[in-house]
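All you need for the working numbering is the position in the sequence shown, starting with 1, plus 226.
Where a beta carbon is used, it is the ideal one built from N, C-alpha and C, also for glycine.
Computed from a predicted structure; not experimentally measured.
The block underneath contains the structure these notes are about, expressed in structure tokens.
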Amino acid sequence: MGNPLKKTMVYLGLADEEEVYEEETQAPARAQQRDRDRDREEPAPAPVTPLRRPVAVRQPAGGAVNEILTVHPKQYRDAQLIAESFREGVPVIINLSQMSDADARRLIDFASGLSLGLYGRIERVTSKVFLLSPENIAVSGHGGIAHADAESAGFDHS
């Protein structure tokens, strides 16, 4: 009677000692049979899943700027066009004058994350116009990095 669970069951009256003894005598025989079966079988090779190599972010060529995209978004879902162009290395001017203040804030938050993730910059041109410039584009002037809070973006606090 080496199993503490069986001892507890006998103590509580949930099992008889004879039943426990029969189970204990059968258990070593089953364990020996399992050991013999393991020795006979060859271990099956584990399935291997090939690793996917991470796709490198395309770095735009360091040549001259061929185009600048100007976007007048009306809804937040227009952010996809901004992201796709910026990811290809095209500077993007975003004019938020046709958007509600709440959607404009969301879009600027998105654009800030986009420019941070792709090592670019976001600069405010006017209170509702922003410039996203990729990493390889230098912007001259005395503009600064725009902050995505309502006070610095010039949006109404309603």
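Once you ignore the five residues that flank Lys300 on each side, which residues in its own chain have a CB closer than 7 Å to its CB? Counting from 1 along the sequence shown, the entry for residue 300 is found at position 74. Closer than 7 Å at the Cβ level, and outside the excluded window around Lys300, lie Gln324, Met325.
Under three-state DSSP, which class holds Asp375? Numbered from its first residue, the sequence shown carries residue 375 at position 149. Because the pLDDT at Asp375 is just 45, under 50, the model does not fix this residue reliably, and the point stays unresolved.
Coil, strand or helix - Glu349 by DSSP: Within the sequence shown, numbered from 1, the residue matching residue 349 stands at position 123. Three-state DSSP puts Glu349 in a strand.
Using the C-alpha atoms, what's the distance from Leu357 back to Glu349? Position 123 of the sequence shown, counting from 1, holds the residue named residue 349. Position 131 of the sequence shown, counting from 1, holds the residue named residue 357. Answer to the nearest angstrom: the Cα atoms are 5 Å apart.
Hey, Tyr302 and Asp329: beta-carbon distance below 8 Å or not? Taking the first residue of the sequence shown as position 1, residue 302 is located at position 76. Taking the first residue of the sequence shown as position 1, residue 329 is located at position 103. Cβ distance < 8 Å, so Tyr302 and Asp329 count as in contact.
Across which residues does DSSP place Ser355 in a beta bridge pair? For the purposes of this step, residue 355 is taken as residue 129 along the sequence shown, with counting starting at 1. Sequence inspection shows Val at residue 355; the Ser mentioned does not correspond to that position. Answer by DSSP bridge pairing, in chain order: Asn321, Thr352.
Go through its chain and collect everything with a Cβ distance to Leu307's Cβ below 7 Å, but skip five positions before and after it. Stepping through the sequence shown from its first residue, residue 307 is reached at position 81. Around Leu307: Val297.
By the DSSP assignment, the beta strand (DSSP E) with Leu240 in it spans what residues? As a position in the sequence shown, residue 240 is number 14, starting the count at 1. Note, Leu240: premise wrong, no beta strand (DSSP E); not H, not E.
Leaving aside the five residues before and after Glu293 along the sequence, list all residues of the same chain whose C-beta is less than 7 Å from its C-beta, in chain order. Here residue 293 refers to the residue found at position 67 of the sequence shown. Excluding positions up to five away in sequence, the list reads Val316.
Below 8 Å between beta carbons: does that hold for Glu361 and Leu340? One-based indexing of the sequence shown puts residue 361 at position 135. One-based indexing of the sequence shown puts residue 340 at position 114. No, these two residues do not count as a Cβ contact at 8 Å.
Identified DSSP bridge partners for Thr296: Numbered from 1 along the sequence shown, position 70 holds the residue referred to as residue 296. Thr296 is bridged to Ile319.
Roughly how many angstroms separate the alpha carbons of Glu314 and Leu295, rounded to a whole number? Taking the sequence shown and counting its residues from 1, the one referred to as residue 314 is at position 88. Taking the sequence shown and counting its residues from 1, the one referred to as residue 295 is at position 69. Their Cα atoms are separated by approximately 11 Å.
To the nearest angstrom, report how far apart Gly346 and Arg278 are at their CA atoms. Here residue 346 corresponds to residue number 120 of the sequence shown, with the count starting at 1. Here residue 278 corresponds to residue number 52 of the sequence shown, with the count starting at 1. If you take the alpha carbons of Gly346 and Arg278, they lie about 27 Å apart.
How is Arg331 classed by DSSP in three states: helix, strand or coil? The residue labelled residue 331 in the question sits at position 105 within the sequence shown. Arg331 falls in the helix class under three-state DSSP.
Starting from Glu310, follow the alpha helix (DSSP H) in both directions and report where the run begins and ends. Position 84 of the sequence shown holds residue 310. It spans 305 to 313 - the alpha helix (DSSP H) in which Glu310 sits, taken as one unbroken run.
Please classify Ala337 as buried or exposed, where buried requires at least 16 neighbouring CB atoms within 10 angstroms. In the sequence shown, the residue the question calls residue 337 occupies position 111. So Ala337 counts as buried.
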